[in-house]
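Those protein sequences? They're chains G and L, same order as listed.
According to our numbering, the stretch in the first sequence is residues 1 to 275, in order.
According to our numbering, the stretch in the second sequence is residues 1 to 368, in order.
Written out below as structure tokens is the structure these notes cover.
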Amino acid sequence: MTQQNADTTTTVPQRADAAPDFRGLETRGAHAWFGTHHALADVSLRFPERTVTGLIGPSGCGKSTFIRLLNRMHEFIPSAAMAGEILLNGSDIYDPLEDPASIRLKVGMVFQKPNPFPAMTIRENVLAGIKLAHLKRDNHDDIVEQCLSRAGLWKEVKDRLGAYGGSLSGGQQQRLCIARSLAVEPQVLLMDEPCSALDPGSTLRIEETIRELAEKITVVIVTHNMQQASRVSDFCAFFLTDGGPGYLVEADATRKIFTNPGDSRTADYVQGKFG
Amino acid sequence: MNSVPAVDQYPGVEPLRPWAVTRSTRLKNLSRLAVFAFVAFLVTIITPLAKFDGWAVAFLLINVAWVVGQNSRLGAKERRDAVLRVVFTSLAVVAFVPWLSIFVTVLLKGYRAIYPGYFFSDMRTSTPEDEFNIGGAGHAIVGSLIMVAIATVITLPLGILSGIYLTEVRGRMTFLVRFIVQSMAGVPSVVAGLFIFTTVVQPMGKYSGMAGGLALAVLMLPTVSRTAEEVLKLVPDDLRSAGYALGARQWRTAIMVVLPTVKSGLITAGILGIARVIGETAPLLLTSLNTNGFVWNPAGGTVASLPTYIFSMFMYGTEYSAARAWTGSLVLLVLVFGFFTLARRLGATAAQTAKTDSRKARNLKKKS
Numbered sequence: 001m002t003q004q005n006a007d008t009t010t011t012v013p014q015r016a017d018a019a020p021d022f023r024g025l026e027t028r029g030a031h032a033w034f035g036t037h038h039a040l041a042d043v044s045l046r047f048p049e050r051t052v053t054g055l056i057g058p059s060g061c062g063k064s065t066f067i068r069l070l071n072r073m074h075e076f077i078p079s080a081a082m083a084g085e086i087l088l089n090g091s092d093i094y095d096p097l098e099d100p101a102s103i104r105l106k107v108g109m110v111f112q113k114p115n116p117f118p119a120m121t122i123r124e125n126v127l128a129g130i131k132l133a134h135l136k137r138d139n140h141d142d143i144v145e146q147c148l149s150r151a152g153l154w155k156e157v158k159d160r161l162g163a164y165g166g167s168l169s170g171g172q173q174q175r176l177c178i179a180r181s182l183a184v185e186p187q188v189l190l191m192d193e194p195c196s197a198l199d200p201g202s203t204l205r206i207e208e209t210i211r212e213l214a215e216k217i218t219v220v221i222v223t224h225n226m227q228q229a230s231r232v233s234d235f236c237a238f239f240l241t242d243g244g245p246g247y248l249v250e251a252d253a254t255r256k257i258f259t260n261p262g263d264s265r266t267a268d269y270v271q272g273k274f275g
Numbered sequence: 001m002n003s004v005p006a007v008d009q010y011p012g013v014e015p016l017r018p019w020a021v022t023r024s025t026r027l028k029n030l031s032r033l034a035v036f037a038f039v040a041f042l043v044t045i046i047t048p049l050a051k052f053d054g055w056a057v058a059f060l061l062i063n064v065a066w067v068v069g070q071n072s073r074l075g076a077k078e079r080r081d082a083v084l085r086v087v088f089t090s091l092a093v094v095a096f097v098p099w100l101s102i103f104v105t106v107l108l109k110g111y112r113a114i115y116p117g118y119f120f121s122d123m124r125t126s127t128p129e130d131e132f133n134i135g136g137a138g139h140a141i142v143g144s145l146i147m148v149a150i151a152t153v154i155t156l157p158l159g160i161l162s163g164i165y166l167t168e169v170r171g172r173m174t175f176l177v178r179f180i181v182q183s184m185a186g187v188p189s190v191v192a193g194l195f196i197f198t199t200v201v202q203p204m205g206k207y208s209g210m211a212g213g214l215a216l217a218v219l220m221l222p223t224v225s226r227t228a229e230e231v232l233k234l235v236p237d238d239l240r241s242a243g244y245a246l247g248a249r250q251w252r253t254a255i256m257v258v259l260p261t262v263k264s265g266l267i268t269a270g271i272l273g274i275a276r277v278i279g280e281t282a283p284l285l286l287t288s289l290n291t292n293g294f295v296w297n298p299a300g301g302t303v304a305s306l307p308t309y310i311f312s313m314f315m316y317g318t319e320y321s322a323a324r325a326w327t328g329s330l331v332l333l334v335l336v337f338g339f340f341t342l343a344r345r346l347g348a349t350a351a352q353t354a355k356t357d358s359r360k361a362r363n364l365k366k367k368s
């Protein structure tokens, strides 16, 4: 396991002093537990600004656990514990003085299942984050149009912003959730299998959205779909478990992971030989 | 509302519901049940089977006999299914009969005293044995509504807050709070009255609508609290996560996301609480007592209420006063029905809105 990490230090430097002014999200030796169950071990990864990183690997290898560590959603599970450092632009988000709510404002999240607020209209859903976090914004109409456009939903819903979020189709709901996350202007957007419940058309639309988002923010996406990972991501990180905790096998540029990976297990996985 | 295409592309094709029970079948089934109920009644007259129990047994047996002797082309499984269905249908009818009997009794005994003035006048200038076109129970209805309103204003926020504590905060006292709520549900209503009598009525030196409302609040709180907890439990965790992922704190998420999602359920919680206490008599006898006139001031001494009005009219014991008491019961019954219907309606409205919206969305998609 340590061998694997040593192999990847070229693309995933483990020490901050290697690049002291690194902008973006970085994890150093991150571990996660649920009670006594060690779910994730020693993950050191960098997510540079304005890139898309795909997290791939078989089910149960800790990808979702890892992504939930990155915006402090992990701690909502009562028995959860963690170790290591997670740095956003060089400062530790798990610092005791940090406020988890303001971290989540900077590191947004889109979930596997679309979860628009059912008691709110489309417009209210987009603005929900602003109201929930008490942000001061006066150009609400602009924000609604801009976020829905960036999420690729504006044309479909602009005439019925007063309809309830639950009245949209699954794919539209997911894009509404993306628009909702964008309204609070996060620096990083985490996506936990955002397309797993969607049809190919909606999936494609969301992938386009992700590429457009990467011009401005950092995106981390968990996916089980190899084609999707190769289509949307600049970098890929491959996770695996041998029955124990999940660990990082290798991380590299997406093209390299899919054409000439450093580890034979990565090659087997991306070619669909297991997992 | 339905998206029937303007141009008839498929002439001669009509939307059908072959699975639906037709009106004539339903009518036939209902009239058969009525006939069997009457036959069962005849059986109780001519055989040793007697009273309601005998009637219920006879009714059940006749129904089963009918279905067994009915269709010989049924297979064993279908026959078993038919027998079970008729058993449960007749049991439902049997359970329905006492309820109907209560309602009909109250209606028959109480209808005589109803006239428009009954709802608007009080008993200050009339005595219980006056003719039915003098006096009324307006003061009792107003008193009941005021006291129930006081109890609601107190318990609805408290009940919702405790529900939030039990489902959202889940603090260290969760067990204790739930335990207290459950034990409060077991407090006899007269004890709640005594409690307010010693803590409010005695120190203030007088009975009052406020004291009555407080006593009702003690009884109402566990119902509201329990229902609110159950309703809040239904909110999927996905929505809370979504709130937190947007950088919201727990209270903001609870108030802006969780509560609006189950608004109708929380209204239902309040109305169930109202229905629970509106007929309470014992605590009111110790806190608000009774009076003959309208009292609009909750701190202004004794107040009439429907239960105490009914109680005092029955205690008076004349033919006219008894009829007035029955009418009071009828008003109380109708009020409770009204509140329950309102609760169902409000609960259904929210669901209906969501459903209509999704139907509209489907229609839109079909068109495009």
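For glycine and all other residues, C-beta sits at the position ideal for the given N, C-alpha and C.
Item: Given 8 angstroms, three or more beta-carbon pairs between the region 153-161 of chain G and the region 134-141 of chain G; Value: no
Item: 8 angstroms Cβ cutoff, proline 118 of chain G in contact with chain L; Value: yes
Item: Three-state secondary structure assigned by DSSP to isoleucine 93 of chain G; Value: coil
Item: For alanine 119 of chain G, the three-state DSSP class (helix, strand or coil); Value: coil
Item: Candidates L/Val190, L/Phe197, L/Ile141 and L/Arg226: closest to phenylalanine 179 of chain L by CA position; Value: L/Arg226
Item: Touch test, the region 214-223 of chain G against the region 33-42 of chain G, Cβ-Cβ under 8 angstroms, three pairs minimum; Value: no
Item: Whole runs of the alpha helix (DSSP H) within the region 110-172 of chain G, excluding any shorter than 4 residues; Value: 122-132, 140-150 and 154-157
Item: Contacts of arginine 249 of chain L in chain G (Cβ-Cβ under 7 angstroms); Value: Ala101
Item: CB contact flag (leucine 198 of chain G, glycine 152 of chain G, <8 angstroms); Value: no
Item: Close-in-space but distant-in-sequence residues of the same chain around aspartate 237 of chain L (CB under 8 angstroms, 5 per side omitted); Value: none
Item: Where tyrosine 10 of chain L falls, given that 16 or more other Cβ within 10 Å makes a residue buried; Value: exposed
Item: Sub-8 angstroms separation of leucine 189 of chain G and valine 157 of chain G beta-carbons; Value: no
Item: Where glutamate 250 of chain G falls: helix, strand or coil (DSSP); Value: strand
Item: Cβ-based neighbour list, alanine 34 of chain L, same chain, cut-off 6 angstroms, excluding 5 preceding and 5 following; Value: none
Item: Cysteine 147 of chain G Cβ short of 7 angstroms to the ligand SAM heavy atom set; Value: Questions concerning the ligand SAM fall outside what the structure shown contains, since it holds no ligand whatsoever.
Item: Chain-order list of residues whose beta-carbon lies under 8 angstroms from that of aspartate 234 of chain G (same chain, five-residue window excluded); Value: Thr51, Val52, Thr53, Ala214, Ala253 and Thr254
Item: Euclidean distance between Cα positions of valine 169 of chain L and tryptophan 326 of chain L; Value: 47 angstroms
Item: Bounding residues of the alpha helix (DSSP H) (the contiguous stretch that carries alanine 140 of chain L); Value: 138-164
Item: Residue environment, methionine 204 of chain L, which counts as buried when at least 16 other CB atoms sit within 10 Å; Value: exposed
Item: Pairwise C-alpha distance: leucine 204 of chain G and isoleucine 103 of chain G; Value: 30 angstroms
Item: Per-residue contacts from serine 196 of chain G into chain L (C-beta, under 7 angstroms); Value: Within 7 angstroms Cβ-Cβ: nothing; serine 196 of chain G doesn't reach chain L, min ~14 angstroms.
Item: Beta strand (DSSP E) segment containing isoleucine 103 of chain G, residue limits; Value: Note, isoleucine 103 of chain G: premise wrong, no beta strand (DSSP E); alpha helix (DSSP H) at 100-106.
Item: Of the listed residues G/Gly84, G/Gly29 and G/Ala133, nearest to arginine 252 of chain L (C-alpha basis); Value: G/Ala133
Item: Cutoff 8 angstroms: phenylalanine 238 of chain G Cβ touching any chain L Cβ; Value: no
Item: Residues from the region 250-263 of chain L in contact with chain G, defined by Cβ distance under 8 angstroms; Value: Arg252, Thr253, Met256, Val257, Pro260, Thr261 and Lys263
Item: Identity of the residue in L/Leu333, L/Phe120 and L/Gly110 nearest glutamate 371 of chain L by Cα; Value: As shown, chain L starts at 1 and ends at 368. That puts residue 371 of chain L outside it, with no answer to give.
Item: Aspartate 42 of chain G, DSSP secondary structure in three states; Value: strand
Item: Contacts around serine 181 of chain G, its chain only, beta-carbon distance under 8 angstroms, and the 5 residues preceding and following it disregarded; Value: Gly108, Met109, Val110, Gly129 and Leu189
Item: Near-chain L residues of the region 168-198 of chain G (beta-carbon distance less than 9 angstroms), N- to C-terminal order; Value: Leu168, Ser169, Gln172, Cys177, Arg180, Ser181, Ala183, Val184, Pro186 and Leu190
Item: Alanine 92 of chain L - DSSP class collapsed to helix/strand/coil; Value: helix
Item: Min CB distance phenylalanine 111 of chain G to chain L below 8 angstroms; Value: yes
Item: The beta strand (DSSP E) enclosing leucine 55 of chain G, as first and last residue numbers; Value: 52-56
Item: First through last residue of the beta strand (DSSP E) which encompasses methionine 191 of chain G; Value: 188-192
Item: Threonine 265 of chain L versus alanine 228 of chain L - alpha carbon distance; Value: First, the residue type needs correcting, since residue 265 of chain L is glycine and not threonine in the sequence shown. Each residue's alpha carbon lies about 7 angstroms from the other.
Item: Stretch pair the region 243-259 of chain L + the region 141-158 of chain L: three plus CB contacts closer than 8 angstroms; Value: no
Item: Nearest candidate by alpha-carbon position, reference glycine 338 of chain L, set L/Ala323, L/Thr302, L/Ile271 and L/Gln182; Value: L/Ile271
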